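So in numbering that gives the first Met the number 0, spot 85 of the sequence shown is number 84, and the numbers just go up one at a time.
We put the beta carbon where it would ideally sit given N, CA and C, even for glycine.
Just so we're clear, the structure is a prediction, and the values are computed from it rather than from any experiment.
Worksheet: one structure, shown below.
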Amino acid sequence: MAPVALFIFSLLIHLVVLHSTEEVKINKRCPPYYCHAMAGDIGFPFKSQMQPPECGLFTVNCSDKDHPRIQLIKEGYWHEFHIVPQSDMIIIDDEALQQRLKNDSCNDQLFNDLSLPRPSPIFDELFPRNLTLFKCNNTPVHNTDLKYGCRNPNHTYYTTSPDDSLPSLPPSCSIIRVPMDPKAAFDLSALITRFDLQFQVSEECKGCYERKGECQDDKGKFKCSGGEKGDKLGFKLGLERKSNQSQVPLNRGLLF
Numbered sequence: 000m001a002p003v004a005l006f007i008f009s010l011l012i013h014l015v016v017l018h019s020t021e022e023v024k025i026n027k028r029c030p031p032y033y034c035h036a037m038a039g040d041i042g043f044p045f046k047s048q049m050q051p052p053e054c055g056l057f058t059v060n061c062s063d064k065d066h067p068r069i070q071l072i073k074e075g076y077w078h079e080f081h082i083v084p085q086s087d088m089i090i091i092d093d094e095a096l097q098q099r100l101k102n103d104s105c106n107d108q109l110f111n112d113l114s115l116p117r118p119s120p121i122f123d124e125l126f127p128r129n130l131t132l133f134k135c136n137n138t139p140v141h142n143t144d145l146k147y148g149c150r151n152p153n154h155t156y157y158t159t160s161p162d163d164s165l166p167s168l169p170p171s172c173s174i175i176r177v178p179m180d181p182k183a184a185f186d187l188s189a190l191i192t193r194f195d196l197q198f199q200v201s202e203e204c205k206g207c208y209e210r211k212g213e214c215q216d217d218k219g220k221f222k223c224s225g226g227e228k229g230d231k232l233g234f235k236l237g238l239e240r241k242s243n244q245s246q247v248p249l250n251r252g253l254l255f
């Protein structure tokens with residue numbers, strides 16, 4: 000039994016060394032990005048504007064140390080955010096969006112800026128309580144499952160009950176998911192600009208990041224673009240997952 004135990008111990012030590020070496024390589028490729036005193040260093044699943052796509056899923060801009068911003072959708076709106084210490088959560092709290100919502104609650108650009116990322120195999124639901132808006136042109140839509148929301152010169156917006164499945168829509172309609180008050184009814188009066196987001200990256204994406212790849216959503220299916228391949232690395236990551244070391248906590252992301 001002693002030789003077997005010694006072999007297993009030696010193998011574990013070897014894998015720990017490999018894991019440490021991989022951590023060093025990742026830090027060199029995607030070094031932590033200092034945001035401000037309260038946030039500390041930011042890393043995966045977040046990245047700075049200067050880092051390549053494989054370093055993170057969400058881009059953060061901390062050039063204004065008092066008002067850091069995050070982009071939830073690529074090339075989308077820059078939301079002002081705050082940090083919840085000792086958690087994997089951030090709070091979106093954007094006063095400019097709040098003022099715009101008060102001034103014009105049926106504005107195309109406002110809804111676009113409020114949009115949440117669509118469901119993805121890359122990460123779990125960021126904000127489970129959301130309102131699905133159906134953005135259509137002003138031609139009447141004959142669908143009894145849709146409830147009228149509001150109208151502006153360019154588009155008409157509809158909502159639906161959370162218990163209903165998504166209705167079939169005409170080509171002139173598209174879907175927007177926006178945050179809503181969990182305690183409110185499912186209509187446009189429930190829209191909010193202050194909400195929390197929980198960042199839980201999928202196991203596939205964590206492994207892709209460890210292999211220096213970029214996590215992508217390929218028409219609803221997970222894709223790891225680029226990165227290292229091979230059984231050796233796969234075995235190492237598999238062992239880490241069994242020992243709960245493959246998780247990418249926010250102390251390697253947001254260091255609160």
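Under the DSSP assignment, residue 54 falls outside any alpha helix (DSSP H); it carries neither an H nor an E label. The criterion of a C-beta distance shorter than 8 Å is not satisfied by residue 196 and residue 166. By the neighbour-count definition (other C-beta atoms within 10 Å, threshold 16), residue 192 is a buried residue. Residue 133 carries a strand assignment under DSSP once its states are collapsed to helix, strand and coil.
Judged by beta-carbon spacing, residue 80 lies beyond the 8 Å limit of residue 177, meaning their Cβ atoms are not closer than that value. Taking a cut-off of 8 Å on C-beta distances, the stretch 199 to 209 does not touch the stretch 132 to 147, as fewer than three cross pairs fall below it.
In the displayed model, residue 40 falls within a strand according to three-state DSSP. Residue state for residue 126 is assigned as coil, using DSSP reduced to three classes. Nearest neighbour of residue 62 by Cα position, chosen from 133, 88, 52 and 33, turns out to be 33.
Secondary structure note for residue 221: its beta strand (DSSP E) is the uninterrupted segment 220 to 224.
Scanning 78, 121, 159 and 190 for the CA closest to the CA of residue 43 turns up 121. Boundaries around residue 207 are those of the alpha helix (DSSP H), 202 to 209, since no beta strand (DSSP E) includes it. DSSP places residue 99 in the uninterrupted alpha helix (DSSP H) bounded by 94 to 102. Per DSSP, residue 112 is one residue of the alpha helix (DSSP H) stretching across 107 to 113.
One thing to note: residue 198 has its Cβ no nearer than 8 Å to the Cβ of residue 92. Close CB contacts of residue 89 within its chain, under the 8 Å cut and outside five residues either way in sequence, are with 69, 80, 81, 82, 83, 195, 196, 198 and 253 (chain order). Per DSSP, the continuous beta strand (DSSP E) segment holding residue 215 begins and ends at 213 to 217. DSSP links residue 70 through a beta bridge to 58 and 77. In this structure residue 179 is in contact with residue 190, their Cβ atoms being roughly 6 Å apart against a cut-off of 8 Å. Only buried fits residue 41, as 16 or more other CB atoms lie within 10 angstroms of its CB. The shortest C-alpha to C-alpha distance from residue 56 to any of 119, 155 and 100 is the one to 119.
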